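**Q** Chains as they are written, first to last, in the numbering used here: chain G, 19 to 795; chain P, 1077 to 1235; chain R, 21 to 301. Cβ coordinates follow ideal geometry from the N, Cα and C atoms, glycine included. From a predicted model like this one, the values you see are computed outputs, not experimental measurements.
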Amino acid sequence: MSAAKGYFGKPMKRVEDPRLIKGIATYVDDITLPGMLHAAVLRSPYAHARINNIKADAAKASPGVVGVFTGADVNDKCGLVPCASPMPDSKIPKHTVLASDRVYFVGHPVAVVVAVDRYAARDALDFVEVDYDPLPVVSDPEKALEKDSPLTHPEFRTNVAFTWSVANGGLDAAFKRAHRVIKQRMIHQRLTPMAIEPRGCVASWHAGEGTLTLYTSTQIPHLVRTLLPGMISVPENRIRIVAPEVGGAFGSKLNLYAEEALCSHLAQRLGAPVKWIESRRENAAATIHGRDQIGEYEVAVKKDGTLLAIKSKTLADIGAYCQLNTPAIPTLTGLMLTGCYKCKAMRMDVVGVYTHKMATDAYRGAGRPEATYVIERLMDIIADELKLDPVKVRLKNFPKPTEFPFDTLTGLTYDSGNYQGALKKAQQISNWNKLTKQRDAARKSGKLFGIGLSTYVEICALGPSKMMSAGGWEWGCVRIEMSGKVTVITGATPHGQGQETSFAQIAADKLGVPIEDIVVMRGDTAVAHYGRDTYGSRATVIGGAAILMCIDKIIAKARKLAAHLLDTKEKSVEFRDGKFSAKGKPKKALTWKQLAPEAYVAKNIPQNWEPGLEASSFFEPPNCTYPFGTHIVAVEVDRDTGEVKIVKYVTVDDCGHQVNPLLVEGQLQGGIAHSIGQALFERTVYDENGQLLTGEFMDYAMPRAKDIPEYLMDSTVTPSPSNPMGIKGVGEAGTIGATPAIANAVMDALSPLGIRHLDLPLTPEKIWRAIAPVKVK
Amino acid sequence: MKTVVNIRVNGVEQKHEVEPRTLLVHFLRDCCRLTGTHVGCETSICGACTVLFEGKAVKSCTLLAVQADGSEVTTIEGLAGDGRLHPVQEGFWERHGLQCGYCTPGMIMMAVQLLERNPKPTREEISHAIEGNLCRCTGYSHIIDAIEYAARKIAEVKK
Amino acid sequence: MIPAAFDYLRPATLDEAIALLELHGADAKVLAGGHSLVPVMKLRLAQPKTVIDISSVADLSYVREQGDKIAIGAMTTHYDIEASPLLRDTCPLLTELAPQIGDAQVRNRGTIGGSLVHADPAADWPAAILALDADLEIAGSNGRRAVKATEFFVGMMETVVQSSEILCEIRVPTTARSVAYVKFAQRASGFAIAGVAVVVDGANKTVSVGVTGVAARPYRALAVESVLRGKVLNRDAIDQAAGIAAEGVEPLDDIHASAAFRAHLVQVNTRRALEVAVSRG
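(1) Within 10 angstroms of the Cβ of G:S20, are there 16 or more other Cβ atoms? Answer buried if so, exposed if not.
(2) Check whether chain P comes within 8 Å of R:K251, counting only Cβ atoms and requiring the distance to be less than that.
(3) Measure the C-alpha to C-alpha separation of P:A1227 and P:G1208 and round it to an integer number of angstroms.
(4) Does any residue of chain G bring its CB to less than 8 Å from the CB of R:M176?
(5) Return the CA-CA distance between R:L106 and R:V83, expressed in angstroms with no decimal places.
(6) Checking 8 Å against the spacing of the C-beta atoms, do G:R18 and G:P758 come in under that value?
(7) Looking at chain P, which residues of the stretch 60-89 of chain R have a Cβ within less than 9 Å of any of its Cβ atoms?
(8) If you run the structure through DSSP and keep just helix, strand and coil, what is R:R64?
(9) State the Cα-Cα distance for the pair G:P262 and R:V298, rounded to the nearest angstrom.
(10) Classify R:A37 as helix, strand or coil using the three-state DSSP reduction.
(11) Once DSSP output is grouped into helix, strand and coil, what is the label at G:A22?
(12) Looking at chain R, is there any beta carbon in it that lies within less than 8 Å of the beta carbon of G:E783?
(13) Output needed for G:H283: all residues of its chain with C-beta closer than 7 Å, excluding positions within five of it in sequence on either side, in chain order.
(14) Using only alpha-carbon positions, find the residue among G:K418, G:I49, G:L404 that is nearest to G:R198.
(15) Establish whether the CB of R:V244 and some CB of chain G are separated by less than 8 Å.
(16) Which residues, in chain order, does the stretch 21-42 of chain G contribute to contact with chain P at a C-beta distance below 9 Å?
(17) In chain order, what residues of the same chain lie with their CB nearer than 7 Å to the CB of G:I214, ignoring the 5 residues before and after it?
(18) What residue range does the alpha helix (DSSP H) around G:V682 cover?
(19) Output needed for G:R32: all residues of its chain with C-beta closer than 6 Å, excluding positions within five of it in sequence on either side, in chain order.
(20) Compare the C-beta of G:T324 against all C-beta atoms of chain R and say whether one is closer than 8 Å.
(21) Have a look at G:A302, G:D158, G:M720 and flag the residue whose alpha-carbon is nearest the alpha-carbon of R:S209.
(22) Of the residues that make up the stretch 150-176 of chain R, which ones have a beta carbon closer than 7 Å to any beta carbon in chain P?
(23) Could you please tell me which residues of the stretch 185-207 of chain R, in chain order, have their CB closer than 9 Å to any CB of chain P?
(24) What residue from G:N622, G:I110, G:V130, G:V121 has the CA that sits closest to G:V84's CA?
(25) Please report how far the alpha carbon of G:V369 lies from the alpha carbon of G:P100, in whole angstroms.
(26) In this structure, how does DSSP classify G:I572 when only helix, strand and coil are distinguished?
(27) Of all the alpha helix (DSSP H) runs that stay within the bounds of the stretch 1185-1231 of chain P, which reach a length of 4 or more residues?
(28) Checking contacts by CB at 8 Å: is G:L566 closer than that to chain B?
(29) Could you check whether the Cβ of P:R1121 sits closer than 8 Å to any Cβ belonging to chain R?
(30) Can you tell me the Cα-Cα spacing of G:N177 and G:Y122, whole angstroms?
(31) Taking DSSP's pairing of strands, which residues face G:Y315 in a bridge?
(32) Going by DSSP, name the residue or residues bridged to G:P152.
(33) Output, in chain order, the set of chain G residues within a Cβ distance shorter than 9 Å of R:F26.
(34) Would R:A277 count as contacting chain G if we go by Cβ distances under 8 Å?
(35) So for R:N162, helix, strand or coil by DSSP?
(36) From the beta carbon of G:S831, is the nearest beta carbon of chain P less than 8 Å away?
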């Protein structure tokens, strides 16, 4: 499909926007059902404690309270919170929806109050008396591996949750052969996703039908529908999950959470709909966190900068238990550790460690930002140690465009790429020579000015089913209605990414109809019967391809009907610009509006032709997609305060063909903003007692408008061979590419002071401590 | 003890009996069923709950409904007149100033007040004005574009 | 986050408000704009039985000349100060500081009096109030009393205003343009980690320096002031004086800035504020 004609490739404004900008969209907290009750969850103030006793009488007597439930009341009715990706040697604790005899992180749900309104529910929380015996806490993953460490789960007698390795090539030989071995330890700080809409759900039980409807702020209604029967013993075919508008997720709503099962159970138990909306403090404490790895990295290089091998020992702090994909996240780091470079050997050993903190899981980029950060920092450190140009070191190690598809040491096949092209273009746009001169001049005048770049590749559009725990396909359905209007249904669950628009663009071109005739439906398992939802930058690539498959089927079917109506042979029917005509007789053409009534009235159809114009499809991708690009960043560091100012930001990203460049730009800019936060100030802080110190927006700093630089953004187009449109995912590329570029720029700025590496976030205080003339205790 | 609170919301009198502790945002969402105003952080940082109170942008999660008794409030639902979008709404649509849309109503209400006070803001002034509005999706650049678009549009209409 | 239940009273006069405060004692809280009190009530850190809303009390929101001073009603919002032409001309430190408070919505609603009485150690106003040596007028059942800014702040979240009193007016002197407020903000909340307000009185060769965010209580950097008294404010003098801006102070220490970093930042910002103020003189 070419990018030049029709809707595909056009920067179109979004069809989903009017309801959102008018304030008439429906998020989960906007839903009110008749007789609806409100739940509030009492959470542990301790990181680790034994629960001796819970007294709920006073809470039960509080005005408006319908019921108060503890673990003893509900845990045998709700199964365990699932982990879908355990490792062979995983030790998985029994994670009940409410704590049973022990709490093991601050925010651990202990009891739930159900009342007539949210105020009454909140009031009653203060009257639930819990008798806790505090137990020893470990919140530092390295201490958790020490011999006498407190245990997160004493029954395991260790804090090691799992181990995982990936290795290929002759590592020892490569290190022996190396001219230089460079070591660096790096810490990937814990981050809190902090979607502006917290989580929440409304559960409704229809006793007569025996059906459950759960409205929930989730990225994955279909996976929730698959998993929930394992917890509340309502079969899958009696469960409807609705993800209404979702106010941001970034991976944090790619999970089945305790509260979703709990509310589903309570709605059944109480015979009334139950709503639960998370407070911000709950969101910070009990919705998954991201990153949190500590790695020792070693690279073997030749003196010309050729990369020979890389190895790593990584601790992944997974928190107190495994959420849905917790163990899988560091494996993505391992798979992408070699970045966009050729390499002879690699090895990564991961130890997943339990600590008394919230579980980590997929947060924007999910394991890949760690990989890109490591390899791109290392590229700069290699260049620095060998006194080489960081651009040349990268160019030396890139595979050539002709080497694609490129097999990596970790068993992946990068589908397509031209890393040199993106780098060259970014250098041009950044006015590279002038920029380096600007740096020289700034340094001469005593300023701390730095330029950083990152050349990234990432794995997305996850992915072929063989590498996913529950299928990596996507489902779609297209129906030409009797009126000729088109209904497109996707099993991907967009929640802000704009597929109501981009899928309509794809379908309108393929069907040859005006985009206004198309509606894209999503997010409700009663409408989108099957799906694998939105995560891993997969929706447009895999979901879009499923839509195309449907349309191919419909066109093939319609061709038979058209042949019948045009009184010609099927193979002489041509389909062009939304019209079917007999070869050589374009004037007597049939439009969808003409065909559709015939297809449904079904009085004049070919023999054995099934009425209707509808098709559904599962698209199984042959491979993931591997977008790439170059980010170039220039920063100035304030010598007095350590503050970093981004003075130039250039990106050239390649996500293959772009369905809607406006949406691509939005995804990239949003992703970069997350990186600005990660690189410069975001961090989740627990103290040594496991108390969360960044539990509100007052304490967890996120980027504001003033932190955003003016971007110079461009792209190259290297189509993906893995899908019919030649597109690649772009939802996480910004976050994956940007963080190392910013970090490298800051480190370049500090390099004249002899500073090689500082861990993120590069806060003013951290920089000040590093550059202060007198060392600070 | 409940008390009657009477607020003119989007030009319509809204009289409801509420507890004095009822937050303005809950009065709007639960009593008036105007759910376009959102709750994000609850600590008056994120601005998702921004409405115009007597013409001034305020965070309705940090205001009691009783404090607004007898006054005028405009919410996102009251912005489009005669079915036509306000130029700020139009700007957000044209310039892809939103993704998930959750922060958007508050962001738009803040921008409306900004352009009333400063019809030709620089990009830096826009950034300063929306300091109390967090967006986790867009990375802000398109929001600033959207507000610039709206400023131009309003100026054109005035001509 | 929802406040605990309370009774709500909205007196029409100051006397009535004070009488109500006397009646309800420590169980009552005064509500001004609500931007300090409502958040702590939502966190249930404050659970007053009675809330006395003084927004209907007449004549508490104004900026006006009063003799050689400018009088500001306690209920004047941060925005009204930011936008006051009178203050821009006569006391520009306040119009420079105001837009650095919180954000636009908070400034529309929060009041100077409410902020001062709340006495958050990281609030912005105290730095200016101290540097300007403002007078704060407090009304109680025995009439009104005025205290100096330096006497106003007692400790963290604590002032001389008693539970049955109401801060009603802040009086500041008129100044030349040689003033400045330089702030290093806590990134998440926008509160000050080190906020330094400076007034340079060129005629009398004195400076006054108010500091907020650094210690449990905002303070006047008296050591800096005394070193610079009568001096020519050149670069060396400023550098030297700024170096003692944290002297005798026990800086706060938290995840946002260590005590050492706060002590450093107050020196940097004292220097910068002095440089800016001098450049405006």
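**A** In short, the structure shows the following:
(1) As a first step, residue 20 of chain G is located in the first sequence; it is residue number 2 there, counting from the start. Only weak support exists for where G:S20 lies, its pLDDT of 36 falling under 50; the value from the coordinates is given anyway. Exposed, by the Cβ-count rule.
(2) Along the third sequence, read from residue 1 onward, the residue named residue 251 of chain R stands at position 231. For R:K251, the answer is no, since every Cβ of chain P falls outside 8 Å of its Cβ.
(3) Here residue 1227 of chain P refers to the residue found at position 151 of the second sequence. Here residue 1208 of chain P refers to the residue found at position 132 of the second sequence. Using only the alpha carbons, I get a separation of about 20 Å.
(4) The residue labelled residue 176 of chain R in the question sits at position 156 within the third sequence. Taking Cβ atoms only, chain G never reaches closer than 8 Å to R:M176, which makes this a no.
(5) For the purposes of this step, residue 106 of chain R is taken as the residue at position 86 of the third sequence. For the purposes of this step, residue 83 of chain R is taken as the residue at position 63 of the third sequence. Between R:L106 and R:V83, the C-alpha separation is close to 8 Å.
(6) What is shown of chain G runs 19 to 795, which leaves residue 18 of chain G out entirely.
(7) M61, K62, L63, V71, D73, S75
(8) Against the third sequence, residue 64 of chain R aligns to sequence position 44. Coil, per DSSP.
(9) For the purposes of this step, residue 262 of chain G is identified with residue 244 of the first sequence, where counting begins at 1. For the purposes of this step, residue 298 of chain R is identified with residue 278 of the third sequence, where counting begins at 1. G:P262 and R:V298: Cα-Cα distance of roughly 58 Å.
(10) Here residue 37 of chain R is taken as the residue at index 17 of the third sequence, counted from 1. R:A37: helix per DSSP, three-state reduction.
(11) Taking the first sequence and counting its residues from 1, one reaches residue 22 of chain G at position 4. Here G:A22 scores only 36 on pLDDT, less than 50, and its place in the model is too uncertain to base an answer on.
(12) Indexing the first sequence from 1 puts residue 783 of chain G at position 765. Cβ-Cβ to chain R under 8 Å: yes for G:E783.
(13) Residue mapping note: residue 283 of chain G aligns to position 265 of the first sequence, counting from 1. Hits under 7 Å: V92, K95, C96, I250.
(14) On the first sequence, residue 198 of chain G is found 180 positions in, with the first residue counted as 1. The option with the nearest alpha carbon to G:R198 is G:L404.
(15) Counted from its first residue, the third sequence places residue 244 of chain R at position 224. False, the Cβ-Cβ gap to chain G never drops below 8 Å.
(16) P29, K31, R32, E34, D35, P36, R37, L38, I39, K40, G41, I42
(17) Working through the first sequence from its first residue, we reach residue 214 of chain G at position 196. Same-chain partners within the cutoff: G265, G266.
(18) The residue you call residue 682 of chain G lines up with position 664 of the first sequence. Per DSSP, G:V682 belongs to the alpha helix (DSSP H) from 679-698.
(19) Walking along the first sequence from the start, residue 32 of chain G turns up at place 14. Here the set comprises G516, T519.
(20) Translated into positions along the first sequence, residue 324 of chain G becomes position 306. No, its Cβ sits nowhere closer than 8 Å to a Cβ of chain R.
(21) What you label residue 209 of chain R is simply residue 189 of the third sequence in a count that begins at 1. The shortest Cα separation from R:S209 among G:A302, G:D158, G:M720 belongs to G:M720.
(22) none
(23) none
(24) Counting from 1 along the first sequence, the entry for residue 84 of chain G is found at position 66. It is G:V130 whose Cα lies nearest to the Cα of G:V84.
(25) Within the first sequence, numbered from 1, the residue matching residue 369 of chain G stands at position 351. Within the first sequence, numbered from 1, the residue matching residue 100 of chain G stands at position 82. If I take the Cα positions, the gap works out to 21 Å.
(26) Looking up residue 572 of chain G in the first sequence gives position 554. Three-state DSSP puts G:I572 in a helix.
(27) 1199-1205
(28) In the structure shown, chain B does not exist; the protein chains are G, P and R.
(29) For the purposes of this step, residue 1121 of chain P is taken as residue 45 along the second sequence, with counting starting at 1. Reading off the sequence shown, one finds Ile at residue 1121 of chain P, where the question assumed Arg. Closer than 8 Å: yes.
(30) Residue numbering aside, residue 177 of chain G sits at position 159 when the first sequence is read from its first letter. Residue numbering aside, residue 122 of chain G sits at position 104 when the first sequence is read from its first letter. So the alpha carbons of these two residues sit roughly 13 Å apart.
(31) Against the first sequence, residue 315 of chain G aligns to sequence position 297. G:Y315 pairs with G:Q202, G:S330.
(32) Here residue 152 of chain G refers to the residue found at position 134 when the first sequence is read from its first residue. BP columns for G:P152 point to G:A67.
(33) For the purposes of this step, residue 26 of chain R is taken as the residue at position 6 of the third sequence. In chain order: nothing, as chain G lies at least about 12 Å away.
(34) Here residue 277 of chain R is taken as the residue at index 257 of the third sequence, counted from 1. Answer yes: the Cβ-Cβ gap between R:A277 and chain G drops below 8 Å somewhere.
(35) The residue labelled residue 162 of chain R in the question sits at position 142 within the third sequence. Here R:N162 sits in coil by DSSP.
(36) What is shown of chain G runs 19 to 795, which leaves residue 831 of chain G out entirely.
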